[in-house]
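Let me begin by presenting the structure, written as structure tokens, before commenting on it.
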Amino acid sequence: MKPNIILFIIFSLFIKAQNTQDAESLSPEFEGLLNKESKVLALSDNYLKQNLYKEAIKSLFQAKKMSETSQSENFKAYTYILLANFYRGLELNKIASENIEMAMTPLSAITDSKEQNYIEARFQLEKGLLNFALSKDDEGKTNLWKSSAKFRQIDDPKKVSKSLQFIYSKLGDYYLSQNELDSAKHYFNQNLKLSNQFPTFKDLELRAKNGLSSYYLQNKQTDSALYFVSGLTKDLPKVKDLLLKKDVYKNLAQIHYSADDLENYKILNEQYLKLNDSIYESNQDTRVLLANEADSVRVENPDSNKSSLWILITLGVALAGLALAYANHIKVKKEYVQFQKIMQNLNETKNLKSIEIHEVNSDNLYIISEKTEQIILDKLKKFEEGEKYINPKVSLQFLAKNLDTNTKYLSEIINKKKGQNFNNYINELRIHYIIRKLKSEPKYQNYKVSSLAEECGFNSRNTFTLAFKNTLGISPTNFIGFIKKENSAHKSLV
């Protein structure tokens, strides 16, 4: 036998062995598919289970292209289910709904019962999650129950357990959101019981404990909530599912806030906010990549023009809305950071009545004796403490007369010691007055902006709004929204 023939036979045997090994390493749901089809589905599925949508684009579009010529109904159905998962994750629910409907035809044509059970289970699971996203809660629950029944018919105990844990987690989250605490606890406990059987599923154990912790937190049992999440932070770096990681950080922050541990609350809340921003930006990038991919498909395959054009239009509208939403998101985030600083300062000083004294350049100012200056400063302090500045008639002349001085002396001292002109000085006092009222007396949070303006001495809503924004860097409407949100969170945790 010639050497080249021998080499060819050896190489062929090696390739066959390698392909067999690859096929054996694939999950049972991909049995019966061609090796290439199995790999592209497994890769897409793996990314989507970790909510890594950007990474999933290439393999998903490859699967979609392959499905157009594939002879496997299993492959076609599974591809549409994964596409629905992908679009739902990007909140493109209309396109997700179209894909889940397109999965029904190949799904009904699958003849192998083993394959059909798994694909049907995944179909019902995805349809249930999509219905929850569309606020069709009753339909969503029904889909998840159907999904769990189909998963139980699968022979692989680990796959059954992993799938049921995910379903129980979603049902627990749903009942928790509806304040049906007993049902929520039931599903979270079922989840934890299954996770104990297969401790290698760290992400599912984390999901189970986080769910129970959320239940106890909502049930105002802070110690029990803390018990279930204690030690979870050491596992978080290993978790690839960013949404799960974000939820855990958010839950941990709320628990520490409830326990009045503000130091750890700030650290954990910052981690939550960073992840939230990262996910938001990643999803926005994914939509841009998706639009480019759809455009590429449209150019390469004119027959798909109608479908790709529809995707491009939908994505274009979504991206325009997202650009505005993102700009607002950044603006609100900055304002919220500023709000937290203001409230922290308010808590630490207990009052913001006295405006800080600033020394300014004394050139071209009147020379006032130290004794006269101190007398006027003492009178100004009493004026501030008496909150007489909320009188809308207060003017430089009015105040000078009440302090037994002249307008030149008063104006100079305010400029020199308060670091601002008279109008800004009075406006700042009034704004600090109203934020103390908003914090200490919740009824003020329900006042109209015009009423708040009148309450602290402004003659118009516009002047008040401008002064509020100039003083605090936040609009009064957003400030009230932030303080209501904080109060609501505190009440739910107390």
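Heads up, the final residue of the sequence shown is numbered 496 in our numbering, and it's a clean run with no missing numbers. All residues carry an ideal CB built from backbone N, CA and C; glycine is no exception. In this text, all values refer to a predicted model and were calculated from it rather than measured experimentally.
Item: Which value, in whole angstroms, describes the spacing of the CA atoms of L196 and A210?; Value: 9 angstroms
Item: Does the separation of the CB atoms of G174 and N145 fall below 9 angstroms?; Value: no
Item: Quick check: what's the CA-CA separation for F153 versus K450?; Value: 55 angstroms
Item: For V396, does the three-state DSSP call read helix, strand or coil?; Value: coil
Item: Just how far apart, CA to CA, sit N198 and S163?; Value: 10 angstroms
Item: Do the stretch 93–101 and the stretch 47–64 meet, that is, are 3 or more Cβ pairs less than 8 angstroms apart?; Value: no
Item: For K384, report the span of its alpha helix (DSSP H) as first-last.; Value: 372–387
Item: In three-state DSSP terms, what is N154?; Value: According to the sequence provided, residue 154 is Arg. The question's Asn does not apply to it. In this structure, R154 counts as coil in the three-state DSSP scheme.
Item: Can you check whether the CB of S149 is closer than 9 angstroms to the CB of Q126?; Value: yes
Item: Please classify N253: is it buried, with 16 or more other beta-carbons within 10 angstroms of its beta-carbon, or exposed?; Value: buried
Item: Using C-beta distances below 8 angstroms, list every residue in its chain close to K395, excluding the 5 sequence neighbours before and after it, in chain order.; Value: none
Item: Are the stretch 464–474 and the stretch 433–447 touching, with three or more C-beta to C-beta distances below 8 angstroms?; Value: yes
Item: How many Å lie between I112 and Y120 at the Cα?; Value: 11 angstroms
Item: Roughly how many angstroms lie between the CA atoms of S260 and L136, to the nearest whole one?; Value: 32 angstroms
Item: By the three-class DSSP mapping on this structure, what secondary structure does V290 have?; Value: helix
Item: Report buried or exposed for L311, applying the criterion of at least 16 other Cβ atoms within 10 angstroms of its Cβ.; Value: Annotation note: pLDDT 49 at L311 (below 50); position unreliable, coordinate value reported separately. L311 should be labelled exposed.
Item: Hey, could you find the ends of the alpha helix (DSSP H) D114 is sitting in?; Value: From DSSP, D114 is part of no alpha helix (DSSP H); its letter is neither H nor E.
Item: List in chain order: all unbroken beta strand (DSSP E) runs of 3+ residues lying wholly within the stretch 34–76.; Value: none
Item: Measuring alpha carbon to alpha carbon, tell me which of L183, Y176, S115, N429 ends up nearest K138.; Value: Y176
Item: Please state if the CB of T407 and the CB of E378 are separated by a distance shorter than 9 angstroms.; Value: The sequence shown places Ile at residue 378, rather than the Glu named in the question. Yes, the pair counts as a contact, with Cβ atoms nearer than the cut-off.
Item: According to DSSP, is A227 helix, strand or coil?; Value: helix
Item: By Cβ distance, which residues of its chain are closer than 7 angstroms to N278, with the 5 residues on each side in sequence left out?; Value: K248
Item: Quick check: what's the CA-CA separation for Q342 versus L440?; Value: 14 angstroms
Item: Might you give, ordered along the chain, the residues of its own chain that have their beta carbon closer than 7 angstroms to the beta carbon of E141, omitting 5 neighbours on each side?; Value: N133
Item: So for V250, helix, strand or coil by DSSP?; Value: helix
Item: If Y217 sits next to K172, beta carbons under 8 angstroms apart, how far is it from one beta carbon to the other, in whole angstroms?; Value: Not really, about 14 angstroms apart at Cβ, beyond 8 angstroms.
Item: Am I right that Q208 and L246 are in contact with their C-beta atoms under 8 angstroms? What's the rounded C-beta distance?; Value: Looking at the sequence shown, residue 208 is not Gln but Leu. Contact flag correct, Cβ pair sits at about 7 angstroms.
Item: Quick one: is I437 near chain C, going by C-beta distance under 9 angstroms?; Value: In the structure shown, chain C cannot be found, because there is only a single protein chain.
Item: Can you find the residues in the same chain that come closer than 7 angstroms, C-beta to C-beta, to S72, ignoring five residues on each side of it along the sequence?; Value: E39, K78
Item: What residue from E283, K373, S215, S284 has the CA that sits closest to G233's CA?; Value: S215
Item: Assuming the contact rule is C-beta atoms closer than 8 angstroms, N285 and L62 should be a hit. Round their C-beta distance to whole Å, please.; Value: Not a contact, Cβ separation roughly 15 angstroms.
Item: Nearest CA to the CA of L412: which residue from D380, L270, L45, N480?; Value: D380
Item: Considering only residues of the same chain and omitting the five flanking positions on each side of R90, which have a CB-CB separation below 8 angstroms?; Value: A98, E128, L131, L132, A135
Item: So K160 and F190 are supposed to be a Cβ contact under 8 angstroms. How far apart are they, rounded?; Value: About 21 angstroms separates the two Cβ atoms, so there is no contact after all.
Item: State the CB to CB distance for the pair Y274 and Y251, rounded to an integer number of angstroms; the pair is presumed to be in contact (CB under 8 angstroms).; Value: 4 angstroms
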